[in-house]
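One structure is given here, and the rest of the page talks about it.
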Amino acid sequence: MPSTYQIQHRSQLLNALWFYQDRNGYIPDHAVADLARQLNVSRVEIEGVISFYHFFLRKPGGKHQIYLNNSILTKFAGFSKIREAFETATGARLGQVDPTGTFGFFETACIGLSDQEPAALIDLHPFVKLTPQKVHQIVQNLKAGLSVEAICDQPVTNIQYFPPDGRTVFFRPYQEGVALRRALVIGPEAVLEELKKAKLLGMGGAFFPVHLKWQSCREQNSIEKYIVCNADEGEPGTFKDRVLMQTIPGLLL
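Counting along the sequence shown from 1, when you hit position 223 you're at 222 in this note's numbering, and nothing is skipped either side.
Here's what the structure looks like:
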């Protein structure tokens, strides 16, 4: 495995940062300096990207990195007790690594498991519906040498919470392909008109009209067109994107 990452363009920066983190367990100073030199930018710019992404480390973490979700839903579901349980079981205070270097314990924002709180990521694997007893068992298993992959939680179903009857829209029966078949029948212009009448807006924060996005894409002459899907789980209680991609990814198209 090469010791340095040969970067050709700024668009490769995240790949380069993951290269160094995977190799070292963190991103060392020499990596920051080397990437800045190759891209002909200041180290501050590289540091800015690193600091924006929560899972990048600038100093050695633990052999196992624990990230406890700190969203408001977790707070209501017993965040303090789970935090204390992790601190007791691992010997690592929140925001620190334990003296043996085995466990790093940190908090993080919403991880897309709002229906299964309290939840945490350990080495980026999900652990859900945590209790103090479950936390101690998890840590005990890791100390005994069990792999994170073997003991992490893989949800049996995709949604662990259902609202009372009559108060849901998205859980109604869904017939795959109906909307697509109708779109093919009525044609592109009618589809755009339907979107315009519906006043459907993007949910990225700017609330940009969807029909304008689609129309702009349709008017491009290029044969190749790309869909960029930003799976946003950053708002407390929001995990719709994760469910969509797990169950019916065709809806993204």
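Here a beta-carbon is modelled for each residue, glycine too, at the ideal position from N, C-alpha and C.
Legend entry - N-terminal and C-terminal residue of the beta strand (DSSP E) that N68 is part of: H63 to N68
Legend entry - Spatial distance of I6 from E83 (CA atoms): 42 Å
Legend entry - The alpha helix (DSSP H) enclosing H135, as first and last residue numbers: P131 to K142
Legend entry - Candidates L67, K58 and F104, of which the one nearest G90 by Cα: F104
Inset, instruction - Spell out the partners DSSP gives V96 in its beta bridges. - result: G103
Inset, instruction - Classify H124 as helix, strand or coil using the three-state DSSP reduction. - result: strand
Legend entry - Closest Cα partner of S50 within the set A32, L34 and I26: I26
Inset, instruction - Please classify N39: is it buried, with 16 or more other beta-carbons within 10 angstroms of its beta-carbon, or exposed? - result: exposed
Legend entry - Nearest to K212 (by Cα), restricted to the options G201, R57 and V177: G201
Legend entry - Contact under 7 Å by Cβ, V190 with A182: yes
Legend entry - Sub-7 Å separation of D33 and T3 beta-carbons: yes
Inset, instruction - Would you give the residue range spanned by the alpha helix (DSSP H) that E218 belongs to? - result: V209 to E218
Legend entry - Simplified DSSP assignment, three categories, for L179: helix
Inset, instruction - Determine the closest residue to L67 out of L145, P208, G144 and P131, with distance taken between C-alpha atoms. - result: P131
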